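Below is one structure; the comments refer to it alone.
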Amino acid sequence: MIRSTFAASAALLTLAAGAMPASAQEKTLTISVYAFAQDAYNRILYKPFEEKCGCKLVVETGNSAERLAKMEANKNAPVVDMAVMSMADALTAARRGLVQKIDTSKLDNYDKLYDLAKDPNGDGMSVGYTFYATSIAYRSDKMDIKSWQDLLSDKVVGNIAFPNISTNQGPPALYMLGLSMGTNAPDLKKPIEAVGKHAGDIVTFYNRSSQLVQLFQQGEIWAAPIGRFAWEPISKLGLPIKWAKPKEGQTGGLNVMVVSKGTKNEDLALEFMDFWLSTKVQKDLADALVDSPANKEVKVSDDVAANITYGAETAKNLKLIPAKVDLENRDRWLKEWNADVAQ
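Numbered by mature numbering (1 follows the signal peptide of the UniProt record, and there is no 0), the letters in the sequence shown go through residues -24 to -1, 1 to 319 in order.
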């Protein structure tokens, strides 16, 4: 940089000053992420990365489907360098040519990940950064949960909420209900029919997990399938509510990172991804109850572990619906649901 004490000409100063914005623009990374917990992400992830790389992060927020649509609308001139989304949306993005293979040789923290996060869709196009379990929150003073099928027992079904088929929790909960009934058919026909038979008894088919807090608080429900990310506010209601560990196991979900095809900032995107997967960042996000760590080196306290999805045994035993199965059956699930449940 040319300093004024050198008595340089105004023309040279103008040229020097004009060169800096161009250089700064080359070190700008645009990311698209979920909207929740942005204050924590800014403190734990964004600002420390900017300090480390000497670059600027431009952060766009929205849900997974919204960012997928935006990436497709800008396919020929990507406006986002890196994004996070669900496994199914990541597979859709890969099939539509919106993302590119991830060079994992440039990710120093890749080998620290649980196996389920390393290449979740089996196409090399995504890397998992957080996962969550889905089980049943239930009033232990009113009932006991030993199986997913307990939700539909005559003594309980009139006091439960069940996730709508259109939510992220709907298909996984139905899949586990099917396992409890002796079927793992991807069409979910048998568990949907079972829910349909009790549709008039079930308190509500919820669309947002935030609805469950008030329903539990007011005593309107005794149980509901939920994702672990929704557990903390329910656990703090001061009621005898437990997290079930049914004999069929727990299901859940995995959120992944992708790199936009044609980005001019591939190396910077990979540097950011690697920073996000680092042990320190993953631990700090876990301690803040923001993300459950995909990095297997992360160690947390018992109190934190009780409020997130944590540990090698949990990661190993989660029964996730493969993204391919999700995409190939969504229309069928909705058709069956509308016929048997939403009629």
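Backbone N, C-alpha and C fix where the C-beta goes; we use that ideal spot for every residue, glycine too. Because the structure is a prediction, the values reported are computed rather than measured.
Does residue i pass the burial test, meaning 16 or more other C-beta atoms within 10 Å, or should it be called exposed?
| i | result |
| --- | --- |
| Thr290 | buried |
| Lys51 | exposed |
| residue 330 | Look at the range of the chain in this structure, -24 to 319, and you will see that residue 330 is not part of it. |
| Ser277 | exposed |
| Ser81 | exposed |
| Pro269 | buried |
| Gly104 | buried |
| Arg72 | exposed |
| Asn314 | exposed |
| Ser129 | exposed |
| Lys32 | exposed |
| Asn135 | buried |
| Leu91 | It is Asp, not Leu, that sits at residue 91 in the sequence shown. So Asp91 ends up on the exposed side. |
| Asn293 | exposed |
| Lys173 | exposed |
| Glu312 | buried |
| Ala59 | buried |
| Ala53 | exposed |
| Ser142 | exposed |
| Ala200 | buried |
| Asp302 | buried |
| Lys3 | exposed |
| Lys28 | exposed |
Who are the near neighbours of residue i in its chain, counting only those whose CB is closer than 7 Å to its CB and skipping five residues on each side?
| i | result |
| --- | --- |
| Met63 | Pro96, Asn97, Leu230, Val232, Ala299 |
| Ser(-2) | Since pLDDT at Ser(-2) reaches only 44, below the 50 mark, its modelled position is unreliable, and no value is offered. |
| Val35 | Ile7, Val9, Tyr22 |
| Ala11 | Thr37, Gly38 |
| Asn241 | Leu5, Asp57 |
| residue 320 | This structure does not reach residue 320, given that the chain is present from -24 up to 319, and the question cannot be answered. |
| Glu48 | Arg72, Leu74 |
| Ser40 | Met61, Ser62, Asp65 |
| Leu44 | Met61, Asp65, Thr68, Ala69 |
DSSP puts residue i in a beta bridge; with which residues?
| i | result |
| --- | --- |
| residue 400 | In the structure displayed, the chain extends from -24 to 319; residue 400 sits before or after that span and is not available. |
| Ala137 | Thr180 |
| Trp219 | Ala113 |
| Met233 | Val60, Val103 |
| Ile7 | Val35, Met58 |
| Thr227 | Thr110 |
Under 8 Å Cβ to Cβ from residue i, same chain only, skipping five residues before and after it: list those, please.
| i | result |
| --- | --- |
| Gly203 | Tyr108, Ala109, Thr110, Asn144, Gln145, Ser185, Gly228, Gly229 |
| Ile217 | Ala113, Tyr114, Arg115, Ser116, Phe192, Ile210, Ser211 |
| Gly154 | Asn160, Ala161, Leu164, Lys166, Pro167 |
| Tyr151 | Asn160, Leu164, Pro167, Thr227, Lys295, Ile297 |
| Pro(-4) | Because Pro(-4) sits at a pLDDT of 47, beneath the cut-off of 50, its placement in the model cannot be relied upon, and the point is left open. |
| Leu310 | Ile141, Ser142 |
| Ala170 | Leu128, Leu153, Met157 |
What residues in its chain sit with their C-beta under 6 Å from that of residue i, if we drop five residues either side in the sequence?
| i | result |
| --- | --- |
| Pro267 | Sequence check: residue 267 is Asp here, not Pro. Within the same chain, Asp267 has close Cβ partners Thr106, Leu261. |
| Gly287 | none |
| Gln76 | Val235, Lys237 |
| Glu273 | Lys88, Thr255 |
| Ala93 | Gly104, Ala270 |
Going residue by residue through the stretch 147 to 217, where are the continuous beta strand (DSSP E) segments of at least 3 residues, counting only ones entirely within it? 180 to 182, 199 to 203
If we count Cβ pairs, one from each stretch, closer than 8 Å, do we get three or more for the stretch 246 to 255 versus the stretch 143 to 155? Because the criterion of three Cβ pairs below 8 Å is not met, the stretch 246 to 255 and the stretch 143 to 155 do not touch.
With a cut-off of 8 Å, do at least 3 Cβ pairs link the stretch 7 to 26 to the stretch 257 to 265? yes
For the stretch 214 to 230 against the stretch 95 to 115, do three or more pairs of beta-carbon atoms, one drawn from each stretch, fall closer than 8 Å, so that the two count as touching? Touching, per the Cβ criterion.
Contiguous beta strand (DSSP E) assignments of at least 3 residues, all confined to the stretch 251 to 313: none
I'd like to know if the stretch 218 to 225 and the stretch 116 to 125 are in contact, where contact means that at least 3 CB-CB pairs between them fall below 8 Å. At 8 Å Cβ cutoff, the stretches touch.
Does the pairing of the stretch 75 to 95 with the stretch 196 to 214 give three or more beta-carbon distances under 8 Å? With a cut-off of 8 Å on Cβ pairs, the stretch 75 to 95 is not in contact with the stretch 196 to 214, counting fewer than three such pairs.
Of all the alpha helix (DSSP H) runs that stay within the bounds of the stretch 33 to 108, which reach a length of 4 or more residues? 40 to 49, 63 to 71, 91 to 94
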